[in-house]
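Take a look at the structure below.
There are 2 protein chains.
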Amino acid sequence: MPKQSANEIAVRIESLLKRNRLSVTDSRRKILQLFLEHTGAMAHGDIEKGAGEKFDRVTVYRTLQTFVDKGIIHIIPTADNSIRYALCKDDCGEGHHHDHHIHFVCNHCNKTYCLDDVVTPDIKLPRGYSAGHVEVVVEGICKNCQ
Amino acid sequence: MPKQSANEIAVRIESLLKRNRLSVTDSRRKILQLFLEHTGAMAHGDIEKGAGEKFDRVTVYRTLQTFVDKGIIHIIPTADNSIRYALCKDDCGEGHHHDHHIHFVCNHCNKTYCLDDVVTPDIKLPRGYSAGHVEVVVEGICKNCQ
DNA sequence: AATTATTTTGCAACTGTGTTGCTTTTTTAT
DNA sequence: ATAAAAAAGCAACACAGTTGCAAAATAATT
Chain A
-13 MPKQSANEIA VRIESLLKRN RLSVTDSRRK ILQLFLEHTG AMAHGDIEKG
37 AGEKFDRVTV YRTLQTFVDK GIIHIIPTAD NSIRYALCKD DCGEGHHHDH
87 HIHFVCNHCN KTYCLDDVVT PDIKLPRGYS AGHVEVVVEG ICKNCQ
Chain B
-13 MPKQSANEIA VRIESLLKRN RLSVTDSRRK ILQLFLEHTG AMAHGDIEKG
37 AGEKFDRVTV YRTLQTFVDK GIIHIIPTAD NSIRYALCKD DCGEGHHHDH
87 HIHFVCNHCN KTYCLDDVVT PDIKLPRGYS AGHVEVVVEG ICKNCQ
């Protein structure tokens, strides 16, 4: 993927907010920018620190929650019980996430990646169980850390 | 699995503790008993409340940590960021967990189950990534809630 | 462009979870 | 029975996340 220019990112940010009928505010712009410029998932702390300006913790929580609700970002559970957030692909919308890809956590650099091209496998469950969402998290070494 | 008698459970508790060179204490006995009598995984809160006698929060944390270290129980990550604990099968020991089964969270009764007979699938990763542990959590409806 | 209505922010306070240091008590080894 | 080792309980703390509310910013209306 070619690196996006600052301008392209700015346009995309406005478009994302407008499309979701969200007020355009500083914190939302900055946090979206972070996601668009950053490869890999981010923890709440990364976001709070990374946003340049200092926003209130509560604002960051609420902004992230709003983005999750609108289908702009999704939550990645990790083994160490720390939530991470990552951008959704464009076909997620309000009330329906479809992120059927797996997640990868690197044991070396500790980054979390969405492997968008690796779909979650079908799991054959015992009689009586019916499957809804399947979440797969693979731990290992990422391509940058080999 | 036939229901175990109170006596069988008591014997198993002593054996588990002895085998792992752990002092035999009240809290360890009671917490182990909980795991042996309870189907499905438990959150920290369940354990603290369920243990009958009131043990200090810290004691419960330390006991659980000890059991994890010794390979007696293992941790199940869940999407809502609340850790659950479940008994390991007998071949786990200090320093090496091998729980290659998947976990199931029921959206109705909210219980978490270890599906010991469903092994984690092989995941084909993109070039450059190497896989270590694979964690699969399936959400859906369990056999008791159908 | 000014005013009103709506939304979002930041603050303070609070809850819940997990941790650490230290002393007392219990368990194990001698 | 005694000494050594391990665990329990307590207080204090750190951190993550939530809620209510007043002030500020944004969007809609005239």
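Top line first, the protein sequences correspond to chains A and B.
Residues -13 to 132 (our numbering) make up the first sequence, in order.
Residues -13 to 132 (our numbering) make up the second sequence, in order.
Just so you know, even glycine gets a beta-carbon here, dropped at the ideal spot from N, CA and C.
Task: leucine 3 of chain B versus valine 44 of chain A: straight-line alpha-carbon distance, rounded - done: 45 Å
Open item on the list: Less than 7 Å separating the Cβ of valine 91 of chain A from some heavy atom of the ligand FAD?
Closed with: This structure simply doesn't include the ligand FAD, nor any ligand for that matter.
Task: Proximity to histidine 60 of chain A [Cα-Cα], best of A:Ile88, A:Asn93 and A:Ile127 - done: A:Ile88
TODO: Pull up the distance between the alpha-carbon of asparagine 130 of chain B and that of lysine 97 of chain A, whole angstroms please.
DONE: 38 Å
Open item on the list: With a threshold of 8 Å between beta carbons, is isoleucine 88 of chain A in contact with chain B?
Closed with: yes
- [ ] Could you name the residues of the same chain whose beta carbon sits closer than 6 Å to that of valine 10 of chain A, not counting the 5 residues immediately before and after it, in chain order?
- [x] Leu3
TODO: Check whether the Cβ of cysteine 155 of chain A lies closer than 8 Å to any Cβ atom in chain B.
DONE: With chain A covering -13 to 132 only, the question about residue 155 of chain A has no answer from this structure.
- [ ] Could you tell me the distance, in whole angstroms, from the CA atom of isoleucine 69 of chain A to the CA atom of valine 91 of chain A?
- [x] The alpha-carbon atoms of isoleucine 69 of chain A and valine 91 of chain A are separated by roughly 12 Å.
- [ ] At 7 Å on the CB atoms, spell out the chain A contacts of histidine 119 of chain B, in chain order.
- [x] Residues of chain A passing the Cβ test: Glu125.
- [ ] Kindly give me the distance between the Cβ atoms of serine 72 of chain B and isoleucine 62 of chain B, rounded to whole angstroms, as I take these residues to be in contact under 8 Å.
- [x] As written in the sequence, residue 72 of chain B is alanine, which differs from the serine given in the question. With a Cβ gap of about 6 Å, alanine 72 of chain B and isoleucine 62 of chain B count as contacting.
Task: Alpha-carbon spacing of threonine 25 of chain B relative to tyrosine 99 of chain B, whole angstroms - done: 8 Å
Task: Stretch-stretch touch, CB-based, cutoff 8 Å, three pairs: the stretch 109 to 122 of chain A with the stretch 11 to 30 of chain A - done: No contact exists between the stretch 109 to 122 of chain A and the stretch 11 to 30 of chain A.
Open item on the list: Rounding to the nearest angstrom, what Cα-Cα distance links glutamate 34 of chain A and alanine -4 of chain A in this structure?
Closed with: The straight-line gap from Cα to Cα measures roughly 20 Å.
Task: Classification of valine 104 of chain A by the beta-carbon crowding that lies within 10 angstroms, buried from 16 upward - done: buried
Open item on the list: Could you check whether the Cβ of valine 104 of chain B sits closer than 8 Å to any Cβ belonging to chain A?
Closed with: yes
Open item on the list: Is asparagine 93 of chain A close to chain B? Criterion is C-beta to C-beta, closer than 8 Å.
Closed with: yes
Task: Terminal residues of the beta strand (DSSP E) in which leucine 73 of chain B lies - done: 70 to 73
TODO: Just mark lysine 56 of chain B as buried or exposed, buried being the case when its beta carbon has 16 or more other beta carbons within 10 Å.
DONE: buried
TODO: Would you identify the three-state DSSP class for serine 1 of chain B, choosing helix, strand or coil?
DONE: helix
Task: Candidates B:Ile127, B:Thr52 and B:Arg48, of which the one nearest leucine 111 of chain A by Cα - done: B:Ile127
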